[in-house]
Amino acid sequence: MAVSQTLFHFTTEEEVRRTAQFRRDMFEGSGNLDEDTLAVDEDFDASSNCVVVGIVERDEIMAVMRIHVLGGKVRTSPAHHVFPDVLGPELDRGVRIVDSSGFCVRSALSRERIDAAYRLLAVSIHIAGRLSPSKMIATARGKHGLFYRHVFGGRLACEARSYPGRRHPLSLYIQDTGDLVARLDNRGERRFQLDGADRAIVDGALKTVMDRRGEG
Numbered sequence: 444m445a446v447s448q449t450l451f452h453f454t455t456e457e458e459v460r461r462t463a464q465f466r467r468d469m470f471e472g473s474g475n476l477d478e479d480t481l482a483v484d485e486d487f488d489a490s491s492n493c494v495v496v497g498i499v500e501r502d503e504i505m506a507v508m509r510i511h512v513l514g515g516k517v518r519t520s521p522a523h524h525v526f527p528d529v530l531g532p533e534l535d536r537g538v539r540i541v542d543s544s545g546f547c548v549r550s551a552l553s554r555e556r557i558d559a560a561y562r563l564l565a566v567s568i569h570i571a572g573r574l575s576p577s578k579m580i581a582t583a584r585g586k587h588g589l590f591y592r593h594v595f596g597g598r599l600a601c602e603a604r605s606y607p608g609r610r611h612p613l614s615l616y617i618q619d620t621g622d623l624v625a626r627l628d629n630r631g632e633r634r635f636q637l638d639g640a641d642r643a644i645v646d647g648a649l650k651t652v653m654d655r656r657g658e659g
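Just add 443 to the spot in the sequence shown (first one is 1) and you have our numbering.
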């Protein structure tokens, strides 16, 4: 019998610290953890415009993602920290930006863990869709960059730069949310759609962020 995997919104300090430890373990295991700049990266966990979500199985974290909502004067996020010259002009034009970062999945490859990864990507897409018109961004390297280009149609907005907490530089990809949703719909990509229970969790998390911004 398949074990149930639950989408979880991490909210307490203890829960968020647990996700930070999970990220450290995953990035260290892949040889991509930079201890010297790790504190800079983890400071973003506590940002008021941040949602931390993950997939949990039997109280064990299977995957996590950190999502920052940027707009107006609210510009705190890892990607804006690294690429302010690229994202600043977009925000000056009134664009809302959804920055997904710290995305990692337990390294053992299985159908369940691949599905968990798609489910978290669907969370990011859902949030961006709720804020549309908006743009989604991703910071990635190597084959992960290819994924964002080929599957999401992301545009390479900036070549790789040093990124806090990571040994390897990351490139910036950007995509208009409306174009992305249309692209996935045309391809029948149901793996990037949330069910009703997941949507309720994500909508509640987004409302918390927007209330903090005075936009609730």
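Glycine included, every Cβ here is placed at the ideal spot set by N, Cα and C.
Following the continuous beta strand (DSSP E) through residue i, name the residue where it begins and the one where it ends.
i, result
"T449", "T449 to F453"
"Y616", "L613 to D619"
"V652", "Here V652 belongs to no beta strand (DSSP E); instead the alpha helix (DSSP H) covers G639 to R655."
"D542", "R539 to V548"
Is the separation between the beta-carbon of residue i and that of residue j shorter than 7 angstroms?
i, j, result
"V442", "I570", "This structure cannot settle anything about residue 442, because the visible part of the chain is limited to 444 through 659."
"A522", "I568", "no"
"V525", "R598", "no"
"G608", "D486", "no"
"V566", "V645", "yes"
"I504", "F546", "no"
Looking at C-alpha atoms only, which residue of the options is the closest neighbour of residue i?
i, options, result
"V495", "S550, G596 and V459", "V459"
"G585", "S577, Y616 and A506", "Y616"
"G531", "L513, F590 and E457", "L513"
"K578", "F595, F590 and G497", "F595"
"R509", "M469, A489, P576 and L613", "A489"
"G572", "R656, R655, L627 and R518", "L627"
"R562", "A643, A640 and I498", "I498"
"G621", "L574, Y591 and D654", "L574"
"G500", "A625, A648, L450 and D654", "The question names Gly, but residue 500 is Glu in the sequence shown. The residue with the shortest Cα to Cα distance from E500 is L450."
"S543", "D535, R655, D558 and T519", "T519"
"Y591", "Y606, L564 and P612", "L564"
Please go through the same chain and pick out, in chain order, the residues whose beta-carbon is closer than 8 angstroms to the beta-carbon of residue i, but skip the five residues on each side of it.
i, result
"M444", "Confidence at M444 is low in this model, with a pLDDT of 40, below 50, so the placement of that residue is unreliable and no value is reported for it."
"R467", "L476 and L481"
"V652", "S491, N492, C493, V494 and V512"
"G474", "R610"
Exposed or buried, what is residue i when buried is set at 16 or more other beta-carbons lying within 10 Å of its beta-carbon?
i, result
"S550", "exposed"
"H593", "exposed"
"A640", "exposed"
"A643", "exposed"
"A583", "buried"
"D619", "buried"
"G515", "exposed"
"A648", "buried"
Ignore the nearest five residues each way along the sequence and tell me which others in residue i's own chain have a CB closer than 6 angstroms to its CB.
i, result
"A600", "V529, L615 and I617"
"F453", "V459, T462 and V495"
Go to residue i, then tell me how far its alpha helix (DSSP H) extends in each direction, as first and last residue.
i, result
"D528", "P527 to D535"
"R467", "E456 to G472"
"R598", "Element bounds for R598: not the alpha helix (DSSP H) but the beta strand (DSSP E), R598 to R604."
Give me, in chain order, the residues of the same chain whose beta-carbon lies closer than 7 angstroms to that of residue i; leave out the 5 immediate sequence neighbours on both sides.
i, result
"E533", "I540 and K578"
"A559", "Q448, I498, M505, A506 and V548"
"E602", "S614"
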